[in-house]
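The working numbering runs 737 ahead of the 1-based position in the sequence shown. The beta-carbon is built from N, C-alpha and C at its ideal position, and this holds for glycine as well.
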Amino acid sequence: APLTEKSSIDEMAATIEEAITSLNGTVRKSSSTEQFQLYTKIGNKLKRIDIDHIRYVEVEGKYCSIKVGDRRYNVKVSMKDLVARLRDPRFIRVSRNFVINMDLIEYIDTFNFSVKIDERDIPISRTYKDQLMGRIELI
Numbered sequence: 738a739p740l741t742e743k744s745s746i747d748e749m750a751a752t753i754e755e756a757i758t759s760l761n762g763t764v765r766k767s768s769s770t771e772q773f774q775l776y777t778k779i780g781n782k783l784k785r786i787d788i789d790h791i792r793y794v795e796v797e798g799k800y801c802s803i804k805v806g807d808r809r810y811n812v813k814v815s816m817k818d819l820v821a822r823l824r825d826p827r828f829i830r831v832s833r834n835f836v837i838n839m840d841l842i843e844y845i846d847t848f849n850f851s852v853k854i855d856e857r858d859i860p861i862s863r864t865y866k867d868q869l870m871g872r873i874e875l876i
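Here you go:
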């Protein structure tokens, strides 16, 4: 039955807006592909971000900047919360400001303590260096 009363339409709009807000930046598991995805609100749309395509995450002030291919998505969430939502062993924190996708590391510079992903040299802090080195297979 179509909604004709203005109050019913307003309630429905409020409910939809609340659902969109609760989905903003949360992780959803796709049942068809069995891979994790993030959704973030861009304008009035929810944009899906496949975790497989995330290069790295960088803290920029109160936002986390998620680097996906040539794009960046800024989400207002703490790095700690975002790492907890990722729940994927490919991602590892390498400094206070960076989480990287280990599958996309080009090389690790052990002299300058940095990781190369795409064209970006990402610093490795002393705090997280041992954790990173423990996760790689050195031959």
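Buried is the label assigned to K804, since at least 16 other Cβ atoms lie within 10 Å of its Cβ. Every unbroken stretch of the beta strand (DSSP E) spanning 3 or more residues and falling wholly within the stretch 827-855 is given here in chain order: 828-832, 835-838, 844-846, 851-854. Here E748 carries a helix assignment [DSSP, helix/strand/coil]. Segment contact: the stretch 828-844 against the stretch 861-873, three or more CB-CB distances shorter than 8 Å; contact assigned.
Exposure of N849 is indicated by the presence of fewer than 16 other C-beta atoms within 10 angstroms of its C-beta. Between V812 and T777, the C-beta gap is smaller than 9 Å, which places the two residues in contact. In the three-state reduction of the DSSP assignment, K778 falls in the strand class.
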